[in-house]
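Residue numbers (the working numbering): -13 to 599.
We put the beta carbon where it would ideally sit given N, CA and C, even for glycine.
Scroll down for the structure; my scribbles are underneath it.
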């Protein structure tokens, strides 16, 4: 058997669930090798890691269901060389692979310290110096308050072998539109051991004070979170946000959506009119769109969260970056996602937390972990995510609309879309309408200047972007589809939509706890332009309770775990888009009328899932 060498070196993670209780003391590898036994999706493997090539006293002897192993919880010595090997559990008589080796990076070779006395320019200089002298560590020595007029507080470009060690300190971001870290074309970067919060918070907590049925308007009063650091609805920073939406919250369970409410009251469905003072109180007037909502959908006293969301202003955002480790980081608020990785590979998020502070009703305003078009998917383990404002995790690709058809084998795409495809990539062309089967082929060549992509097979009829008669033909990259993803041992509670929204191939979701996910715990099959199909996914040993209780969820079929195929305008269609989904040994309680609902799935298995009476 031929095995690949380890593709990255990342920080070791000490054991423990809660980020604040974990100490990071070493470095560990993320090991990946070619899949064996393609006819068996999850044969399982045994992995050994040792300090010598004899493996007489292995430091690690573990099992993994994937062709991948991340040694979460084991400490390795910086600068030391280790050896590893693997064998298939399906056929152990085949023996071990030839040993491979890796050397742990010496991040502590060069340590640069920063503190509260340093300006943002000083901090950026420290990171630039660390980049030039890598491997290196930038270490925070006390709590800090950072903010700037730019979008990014810290941007790292073409940086490798660098660690930021918060050393347990707090970072307060003082501009609600700031992004803390932006990694662009980086490799082997570790961010660890700090907390991050925003002051002021990037949202407004409101209470419904009055309803006017005749004009379909509502009046809101801001309710400060603990510490009084929320914005007012008429704050210029709120009004300048890329988009806003409101959510009806459950007073009895901070962070949870009100039962039977819509998951979102979206942009365009309501608009801010004006603010005024009455009886010494600052009030805000909202116009509801009667095509979507009427005042009868609300009650005086409803708790509303008006989110100011700046697109892509993540706390930790990575683009075209490989081998990243986010560990022992706790976040309390953000203007968008907690962690995202776009057009990259091999993101590890472990022993992190997104939490509520006392008195708050929301944490981050979007997804906790967002991954798009990664070649190797994320590894998310032993984290706690509470009261985030969208899907807790979202793994998917993107369908790029065809601008025009050039000939029988070629299409022209929109700007930048052509750069997402490489010769040899496996792709699918699909028009999101009933009965239209995807055409699977591969990229033969691309021309960035002309934006023309050529394929190995005839593409047939395509519907170009701009056609108003129906679905548009999109090109989906099946190679960059987050393969070998792993989600295990996480707690996901009170998030606003799906626990995991999945549009990826080959991965395992096991031993997680999902509580009060407003839409459902696991949704397989994202909507057009977000992904095409899901294949070879194992869902096992999860505990799911109280999920799926909003109007959005009921419209989608009412199941704790569900799969579906979706066409234009997010309409569910009868088309077999997914294959080999296994849902087994999950404990499901207090959810919708169905425990598991799989539509549009071939060769799938549902067995031994338990739902008490």
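Here's a check: name, in chain order, each residue in its chain whose Cβ is nearer than 6 Å to the Cβ of residue i, leaving out the five neighbours to either side.
i	result
residue 587	549, 564, 567
residue 417	449, 457, 459
residue 236	242, 244
residue 109	100
residue 55	17, 33
residue 436	none
residue 385	460, 462, 515
residue 85	39, 69, 71
Please classify residue i: is it buried, with 16 or more other beta-carbons within 10 angstroms of its beta-carbon, or exposed?
i	result
residue 42	exposed
residue 226	exposed
residue 539	Per-residue confidence for residue 539 stands at a pLDDT of 48, beneath the threshold of 50, marking its modelled position as unreliable; the derived number appears in the next sentence. Result: buried.
residue 7	At residue 7, the pLDDT of 25 sits below 50, so the modelled position is not reliable; the number obtained from the coordinates is stated separately. The residue in question, residue 7, is exposed, as its Cβ has fewer than 16 Cβ neighbours within 10 Å.
residue 427	buried
residue 267	exposed
residue 47	exposed
residue 165	buried
residue 489	buried
residue 466	buried
residue -11	Confidence at residue -11 is low in this model, with a pLDDT of 32, below 50, so its placement is unreliable and no value can be given for it.
residue 272	buried
residue 318	buried
residue 286	exposed
residue 248	buried
residue 119	exposed
residue 131	exposed
residue 219	buried
residue 277	exposed
residue 442	exposed
residue 336	buried
Tell me the DSSP secondary structure of residue i in three-state form.
i	result
residue 94	helix
residue 114	helix
residue 151	strand
residue 424	coil
residue -11	Since pLDDT at residue -11 reaches only 32, below the 50 mark, its modelled position is unreliable, and the value read off the structure follows with that caveat. Three-state DSSP puts residue -11 in coil, outside helix and strand.
residue 387	strand
residue 432	strand
residue 204	strand
residue 15	strand
residue 352	coil
residue 9	Low confidence applies to residue 9: its pLDDT is 27, below 50, so where it sits in the model is not reliable, and the reading given next is rough at best. Note: residue 9 maps to coil in three-state DSSP.
residue 108	helix
residue 379	strand
residue 42	coil
residue 540	The predicted position of residue 540 is uncertain, since its pLDDT is 44 and thus under 50; no value can be drawn from it.
residue 555	helix
residue 225	helix
residue 36	strand
residue 406	helix
residue 283	helix
Select from the options the residue whose C-alpha is nearest the C-alpha of residue i.
i	options	result
residue 172	410, 331, 420	331
residue 512	557, 504, 528	557
residue 240	329, 290, 217, 16	290
residue 502	471, 530, 496	530
residue 439	282, 89, 131, 401	401
residue 341	414, 477, 441, 408	477
residue 451	497, 479, 398	398
residue 578	532, 324, 584	532
residue 473	528, 306, 395, 136	528
residue 133	123, 349, 107	107
residue 115	103, 373, 97, 430	97
Which same chain residues, not among the five before or five after residue i, have their C-beta less than 8 Å away from its C-beta?
i	result
residue 153	125, 126, 127, 179, 180
residue 326	298, 300, 302, 303, 304, 353, 355, 356, 357, 358
residue 280	199, 202, 274
residue 269	195, 205, 206, 207, 261, 262, 263
residue 73	31, 32, 80, 81, 82, 83
Among residues of its own chain, excluding the 5 on either side of residue i, which ones have a beta-carbon nearer than 7 Å to its beta-carbon?
i	result
residue 322	295, 296, 297, 298, 299, 300, 351, 352
residue 419	456, 457, 553, 554
residue 143	170, 171
residue 403	386
Measure the beta-carbon distance from residue i to residue j and round it to whole angstroms, keeping in mind my assumption that it falls under 8 Å.
i	j	result
residue 485	residue 383	Rounded, the Cβ-Cβ distance is 20 Å, inconsistent with contact.
residue 547	residue 506	7 Å
residue 421	residue 561	7 Å
residue 569	residue 520	No, residue 569 and residue 520 are not in contact; Cβ-Cβ is about 12 Å, not under 8 Å.
residue 53	residue 575	In fact, because the Cβ distance is near 34 Å, the residues do not count as touching under 8 Å.
residue 15	residue 66	Their Cβ separation, rounded to whole angstroms, is 11 Å, which puts residue 15 and residue 66 out of contact at 8 Å.
residue 366	residue 379	7 Å
Residue i: beta carbon under 6 Å from a heavy atom of the ligand GTP?
i	result
residue 555	Questions concerning the ligand GTP fall outside what the structure shown contains, since it holds no ligand whatsoever.
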